[in-house]
Amino acid sequence: SAFDDMRTIAISRLMLDNFDHIKAYWINIGVQLTQMALTFGSSDIHGTLIEERISHAVGALTSSGITRKELVHLIKTANKVP
């Protein structure tokens, strides 16, 4: 669930101090939750920019790609710095 995803990211940020970055994989959690993940402790957005196929082959419902412009907008809309 979205709650579990955000809790996992927040706990990871607190407990995994030997990790430089906690990534939010936008293809799996969607654009809106990715923005929220940036507030919950994610410091990186991960995912294919052009055309993702693997997750969609098993039923992912998110977009299959995102442009650089859309990605920058997503980050700025979350009040973060790209």
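For the numbering used here, add 8 to where a residue sits in the sequence shown, where the first one is 1. Positions of the beta carbon are idealized from the N, C-alpha and C atoms, including for glycine. Just so it is clear, the structure is predicted and the values come from calculations on it, not from any experiment.
Got a sec? Which residues, its chain only, sit under 6 Å from residue i by beta carbon, not counting five neighbours each side?
i	result
Ile-37	Asp-13
Ala-86	Gln-43, Leu-46
Val-80	Pro-90
Lys-88	Leu-46
State the beta-bridge partners of residue i as determined by DSSP.
i	result
His-54	Tyr-33
Could you please give the first and the last residue of the uninterrupted alpha helix (DSSP H) stretch that includes residue i?
i	result
Lys-88	Unbroken run through Lys-88: none, as it is neither H nor E.
Thr-75	Looking at the DSSP string, Thr-75 is not in any alpha helix (DSSP H), and its letter there is neither H nor E.
Which residues in the same chain as residue i place their Cβ atom closer than 8 Å to its Cβ, once the five residues preceding and following it in sequence are excluded?
i	result
Ala-32	Ile-17, Leu-41, Thr-42, Ala-45, Leu-46, Ser-50, Asp-52, Ile-53, His-54
Ile-30	Ile-17, Ser-20, Arg-21, Leu-24, Gly-49, Ser-50, Ser-51, Asp-52
Can you confirm whether the stretch 41-56 touches the stretch 14-26 when touching is taken to mean that 3 or more C-beta pairs between the two stretches lie within less than 8 Å? yes
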